[in-house]
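Here the sequence shown is numbered in the working numbering, starting from -11 and rising by one per residue.
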Amino acid sequence: MTEDLTPAQAYAAALARNAEQATALAPFREMYEFGLDPFQIEACKALEAGKGVLVAAPTGSGKTIVGEFAVHLALTQGRKCFYTTPIKALSNQKYADLVRRYGAAKVGLLTGDNSVNGDAPIVVMTTEVLRNMLYAGSQALSGLGYVVMDEVHYLSDRFRGAVWEEVIIHLPESVTLVSLSATVSNAEEFGDWLDTVRGDTEVIVSESRPVPLWQHVLAGRRMYDLFEEETDHGGRGASRREVNPDLLRLARTENTRTYNPRDRRRGKMVREADRERERRQRSRIWTPGRPEVIERLDAEGLLPAITFIFSRAACEAAVQQCLYAGLRLNDDDGRRRVREIVEARTAAIPSEDLHVLGYYEWLEALERGIAAHHAGMLPTFKEVVEELFVRGLVKAVFATETLALGINMPARTVILEKLVKWNGEQHADITPGEYTQLTGRAGRRGIDVEGHAVVLWQRGLDPEHLAGLAGTRTYPLRSSFRPSYNMAVNLVDQFGRHRSRELLETSFAQFQADRSVVGISRQVQRNEEGLEGYREGMTCHLGDFEEYAQLRRDLKDRETELAKQGAAQRRAQAAGSLEKLKPGDVIHVPTGKFAGLALVLDPGIPAGRTNGHRGFEHHDGPRPLVLTAERQVKRLASIDFPVPVEALERMRIPKSFNPRSPQSRRDLASALRSKAGHINPERHHKQRSAAADDRHIARLRTEIRAHPCHGCDEREDHARWAERYHRLQRDTQQLERRIEGRTNTIARTFDRIVALLTELDYLRGNDVTDNGKRLARLYGELDLLASECLRDRVWEGLTPAELAACVSALVFEARQSDDAVAPKVPAGNAKAALGEMVRIWGRLDALEEEFKINQAEGVGQREPDLGFAWAAYQWASDKSLDEVLREAEMPAGDFVRWCKQVIDVLGQIAAAAPKENSTVAKNARKAVDALLRGVVAYSSVG
């Protein structure tokens, strides 16, 4: 109370209030109906003091308030502010927010799809757009005062993360950087790096959620709290949380059986009682169905809810299940409002396309308050779902994890069906970071008193493991930065080779690598102390035991070498036998998953590499495509043939045989079994070991027997110490190599890239050639391949549709590879051009291997994928959406996304292609116009 203050204190308080009223923060705070949190105030004050800030806080905590204060400061000071986001949808959303606050005249938008008022003082853009501006030296950078990097933790992204570091490193020193991140465990380390490259940077970390989060497990009819007493409510307190003992008992009951049929000592009546008790117990435990879960949450007032399912098809299936169950979450007024909004937003889509897109089934679900949300959906459909969800007209969304990436769609409840997802290579447990990101959607600030995260019971669920995911709220930020060809020519053009190398040494990737060296160096010191002790333990009074131990190791190494040579010879013999196979040969696959009788459909390709993923796709012989007796069509590898193989029989393969047709496979496999099922393959006899006749081995054995230490009574004890010494010495040498490898790693990769570009005449010392200037305009994973195609005039004379087909190979990557069937491509000039692109890639791939540029490390050119060429050609040839999608066997959302990426690269090619004596630039612009129609053109701004 002010009357309790002394006159001096009251005077000091009045001065403080007056000082605060004089700041830019005071009028900014009045723009919001709610008060700012302490972390927001701290970050805003640091910004006004002229410092950069890194704000790391949970999803939904209001980090963007700090970004909006940077916008406010820029307008107050008469400077510009760029607000960058990782995805176009988030850019559109932020653009709409800022237009509502400051008006359309002051706000612009720049993404790959849209360019609106780009000269405005506030411009929202994707991070790639700002990177391209920096390399091009754009005039738009003049007067730039602030850059907000929303979701800056994206720099961990293995495919796009490098862009964030490029921007941070290359921004002018006069620009103040505002970095907004999810809660990461190494925020201080990231802040130290920002301090190094950007100057004074304040790190503000908040662990508190604005809305408390309650964790549950739903099993059968009962909702269990995950923690016995969740007094910290998602990070607000420091009390220790114990896993609910009822849940632990449930897990023990589910995962153990009380009845043991092998226990013969128990009578029949006792066993029947056990069974009945177990049935009663288990009858209370089941995984509720999707409609049942939504009905339960609706009854308890826990909607709206997002159910995360890690499969697009399962999201669509979940919606259908709710419809079949008769679920209705909207009243008549809600249904009417949904229809009005949907019809207004989809008015531009022709009725024939609506039918192809499944519009009417989608609308029925929306009217009931139910929707799916995933990357396979048309962007317009996804935007409508987001809008209806925020308005409270969609109350149950079934989504893949992509929804968790920044889109503002908070819910009261988040449901996780499983704690395992497919990561592109295998089914793996979700990480604590992923769990935090997903459950962070629960609890709407200013609406909900608390949020709820519900995990559905699954057989084998471990409550302790779940508690670990829920209790670990942070994950480390790891740099994915790697130099690229485009980056190299742009850097050399602006700064020269030496300065470019120094700039790359300032990357967060190198910063982290250098820090990790400190711990490795300490381990090397400890190992050297251990080596001294081991050396004493192997000392022998009869002679030099280290010398004796070396002889024994030499013998072992020679025996291993001969064994490997023998294996290599056997593999070579097997490869030679595979090269003799012809279509129609019946063979016996000796080992592996597909061992047994098989019919050769295609002998395979010559020895070498099948694609550019070095280290993963090497093989030393043909890879025959076979039909097994079990009706499977598979492409086998040399590992399936450890011994030579011979044709047991010959069969005619019908011309009508289609490897994708189950009936075709069944008929031919039946004929195979009838023709050769009775034949027993000859057994392969083992050959005499080469070690038995090796003179070097005989000499080593003689030297070992003649050595003084061979007669020592404690010889084997000494030998054990010597083996430990050798292993530790080998480990120490590996650590020393790691130290050497981690020092200047980014710069060394840059040197190799520069050497290759010099070889191809893109660079000459510090000068960028005309070829290099063309490459500087091409951004993308296959930048160098695109540049080489322009240089070799591969695309000259192609029609716009043919050019679209060829360019699609530079961007498309199939979600799953299909070895059995080659992708369909347009005939004529397009087919020839695509073949030439693959040949050029092969030449570049060999060059990269020569210059030690490794794709496994995230550098280099992957093989072009022709899987979208036919779809791009058809769409650019004005074919209907129905026809294109039916032949492409691809969801509409994926089709639109790949078309937009093709359009983006076509725009780059139009800018980079020669202006004289070339049709490529003109046809690239025509191809853009041909692709940008119908569903591809429907994307909207905010």
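Don't be surprised by glycine CBs; every beta carbon is placed ideally from N, CA and C.
Since His576 sits in a beta bridge, which residues does DSSP pair it with?
Partner(s): Leu585.
Which term fits Gln65, buried or exposed, when burial requires 16 or more other beta carbons within 10 angstroms of its beta carbon?
Per the 10 Å Cβ criterion, exposed.
With DSSP run on the structure shown, which of helix, strand or coil describes Arg523?
Here Arg523 sits in helix by DSSP.
For Glu618, count neighbouring C-beta atoms within 10 Å of its own C-beta (all shown protein chains included) and say buried if the count is 16 or more, exposed if not.
Glu618 comes out exposed.
Ends of the beta strand (DSSP E) at Ile110?
Ile110 to Thr114 is the extent of the beta strand (DSSP E) around Ile110.
Does the distance from the CB of Arg765 to the CB of Ala899 come in under 8 angstroms?
In contact: Arg765 and Ala899 (Cβ atoms closer than 8 angstroms).
Start and end of the alpha helix (DSSP H) containing Cys32?
Taken as a continuous stretch (DSSP letters only), the alpha helix (DSSP H) holding Cys32 covers Pro26 to Glu36.
Are Gly106 and Arg433 touching if we call contact CB-CB under 8 angstroms?
No, these two residues do not count as a Cβ contact at 8 angstroms.
Name the two residues that bound the continuous alpha helix (DSSP H) containing Ala62.
Thr52 to Gln65 is the extent of the alpha helix (DSSP H) around Ala62.
If we call anything under 8 angstroms between Cβ atoms a contact, is Thr441 one with His204?
It is worth fixing the name first, because residue 441 is Ala in this sequence and not Thr. Yes, the pair counts as a contact, with Cβ atoms nearer than the cut-off.
How many whole angstroms separate the CB atoms of Tyr861 and Ala789, which I take to be in contact at a CB cut-off of 8 angstroms?
The Cβ separation is near 5 angstroms, so the contact holds.
Find the nearest neighbour of Thr11 within the set Gly23, Ala(-4), Thr52 and Phe57, judged by alpha-carbon distance.
Considering only alpha carbons, the answer is Phe57.
Strictly under 8 angstroms for the Cβ-Cβ distance: is Ala797 near chain C by that measure?
Absence of chain C from the displayed structure is noted, only one protein chain being present.
When you compare the CB positions of Val799 and Val890, do they come within less than 8 angstroms of one another, or not?
Cβ atoms of Val799 and Val890: closer than 8 angstroms.
By the three-class DSSP mapping on this structure, what secondary structure does Asp183 have?
Helix at Asp183.
For Asp755, tell me which candidate among Val480, Tyr212 and Thr72 has the shortest Cα-Cα distance.
Answer by Cα proximity: Val480.
Less than 8 angstroms separating the beta-carbons of Thr164 and Gly40?
Contact flag set, yes.
Quick check on the DSSP output: the alpha helix (DSSP H) that includes Ala301 runs from which residue to which?
Ala301 -> alpha helix (DSSP H) spans Arg300 to Tyr312.
According to DSSP, simplified to helix, strand and coil, what is Asp450?
Residue state, collapsed to three classes: coil.
If you measure between the beta carbons of Thr757 and Tyr750, is that distance less than 8 angstroms?
Yes, they are a contact pair.
Give the C-beta separation of Ala901 and Ala909 to the nearest angstrom, bearing in mind that I take them to be a contact with Cβ-Cβ under 8 angstroms.
Yes, Ala901 and Ala909 are in contact; Cβ-Cβ is about 4 angstroms, under 8 angstroms.
Would you kindly work out how many angstroms separate the C-alpha atoms of Val931 and Leu86, rounded to a whole number?
A query on residue 931 cannot be resolved here, the shown segment of the chain reaching from -11 to 930 and no further.
Do you know how far the Cα of Met365 is from the Cα of Trp858?
If I take the Cα positions, the gap works out to 21 angstroms.
Does DSSP put Val87 in a helix, a strand or coil?
Reduced to three states, the DSSP call for Val87 is helix.
What's the call for Ile435, buried or exposed, on a 16-neighbour Cβ count within 10 Å?
Exposed is the call here.
Quick check on this structure: which residue in Ala77, Ser467 and Ser865 has the alpha carbon closest to the alpha carbon of Glu371?
The candidate whose alpha carbon is nearest that of Glu371 is Ala77.
So for Arg327, helix, strand or coil by DSSP?
Helix.
How close, in whole Å, do the beta carbons of Val574 and Ala583 come, if the pair is a contact with beta carbons under 8 angstroms?
With 8 angstroms as the limit, Val574 and Ala583 do not qualify as a contact, their Cβ atoms being about 15 angstroms apart.
Assuming contact is defined by CB atoms lying nearer than 8 angstroms, are Leu822 and Cys794 in contact in what I supplied?
Going by C-beta atoms, Leu822 is nearer than 8 angstroms to Cys794.
Identify which residue in Tyr473, Ala306, His343 and Val326 has its Cα closest to the Cα of Thr746.
Thr746 has its Cα closest to that of Tyr473, out of Tyr473, Ala306, His343 and Val326.
With distances taken between CB atoms, is the gap from Phe496 to Glu153 smaller than 8 angstroms?
Contact: yes.
Starting from Gly823, trace the alpha helix (DSSP H) in both directions and tell me its first and last residue.
Counting along the chain, the alpha helix (DSSP H) containing Gly823 begins and ends at Asn817 to Glu838.
Which of helix, strand or coil does DSSP assign to Ala150?
The answer is helix: DSSP assigns Ala150 an H, G or I state.
By Cβ distance below 8 angstroms, which residues in the same chain neighbour Glu871 in space, the five residues on each side in sequence not counted?
If we look at Glu871 and ignore the five residues flanking it on each side, its Cβ neighbours are Gln862.
Which same chain residues end up closer than 8 angstroms to Pro292 when comparing Cβ atoms and leaving out the 5 residues on each side of it in sequence?
Excluding sequence neighbours, Pro292 sits near Phe377, Gly380, Val382, Lys383, Ala384, Val385, Ala399, Arg400 and Thr401.
Check for me: the alpha helix (DSSP H) holding Asp771 runs from which residue to which?
From DSSP, the alpha helix (DSSP H) with Asp771 extends over Asp771 to Arg779.
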